[in-house]
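Per this note's numbering, residue 3 is the first one in the sequence shown, and the count goes up by one each step. Take a look at the structure set out below.
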Amino acid sequence: MIRKPAVAGYFYPSNPRELLSEIRDYMPSVGSQDAIGAICPHAGYVYSGSVAGEVYSKIKPKEIYIILSPNHTGYGSNISVMTEGEWEIPLGKLSIHSELAKKIVEKASVASEDIKAHIYEHSVEVQLPFIFALNKEAKIVPITIKMLSLEECLILAQGIAEAIDNLQVKDRVIIISSTDMSHYLSDEEARKIDALAIDRIKSFDPSGLYRTVVEHKISMCGVIPTVTMLYTSKILGASEVRVIKYTTSAEVSRDYSKVVGYLGAIVL
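Here is the structure:
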């Protein structure tokens, strides 16, 4: 199956030349940080592209990108792993690493093979032009996730880590958590409440992040992907989270009454 672009021309340019130019503006260099994981936003590039670009500019290109995203559409299973096919973007196509995707489904009892969740979901798609610019031969593993318990996040993380170890691809893989932070608060409120979640992220505390978001009702859409990515990275031996950039949509829109927060971070 070829998964066609769902948000090209809306979240990012549909014209390949314009898109590549924009990506180069946001990501002027290629980094050398051998990251195990990363956090990147998934809004329209005009709002969050600079944050995503700074993250992708810091990390060493990898051969395989596992992309954990929230499920905004409600379609598909609780943990939907697309295991075969290609994702098309205006710049070209990225193939799914079928062996790893299927191994994750095998090792994580909570995950299932599913396509429906991915057809209209934007939060994986907006990462792909950056990944393509880093390595056009890269393979991807798209995983779209609904709300999970903390225990289910850990089970999924253990399954991903076990699949990576079984296939001996740890040095070739990076795990991307696609998330925005709080939604539609004032800029002041957003920065204050997002700081609570960011503090747990900086402390490399996935369970603390989960509980903080629930307790304070933080509208961080990708908290489950982020908790899962942090758990997986810990299992794989990561020891540090570096926050790269935080901003809100007000920096572009100048509307400080209702904003969305955007975070970029890498896990080493």
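Note that the Cβ used here is the ideal one computed from N, Cα and C, for glycine as well. Every value quoted in this text rests on a predicted model; they were computed, and no experiment measured them.
- For T230, the enclosing alpha helix (DSSP H) covers residues V225 to I237.
- At a Cβ-Cβ threshold of 7 Å, R174 and W89 do not count as neighbours.
- If you draw a straight line from the Cα of A8 to the Cα of I91, it comes to about 9 Å.
- By the 16-neighbour rule on beta-carbons within 10 angstroms, R19 is exposed.
- Listed as beta-bridge partners of I147 by DSSP are P72 and I81.
- A residue is called buried when at least 16 other Cβ atoms come within 10 angstroms of its Cβ; M149 does not meet this threshold and is exposed.
- Counting only the Cα atoms, S180 lies some 10 Å from A54.
- Going by DSSP, G46 is part of no beta strand (DSSP E) at all; its letter is neither H nor E.
- By the Cβ criterion, the region 217 to 236 is not in contact with the region 11 to 30, since fewer than three pairs of Cβ atoms, one from each stretch, lie closer than 8 Å.
- Contact annotation: V245 and K204 have beta-carbon atoms nearer than 7 Å.
- Look at E139 here: in three-state DSSP terms it is coil, with no helix or strand label.
- As a beta-bridge residue in DSSP terms, V245 pairs with A267.
- Note on geometry: alpha-carbon atoms of S188 and T230 lie some 28 Å from one another.
- Comparing alpha carbon positions, the residue from E191, N168, E24 and G33 closest to V261 is E191.
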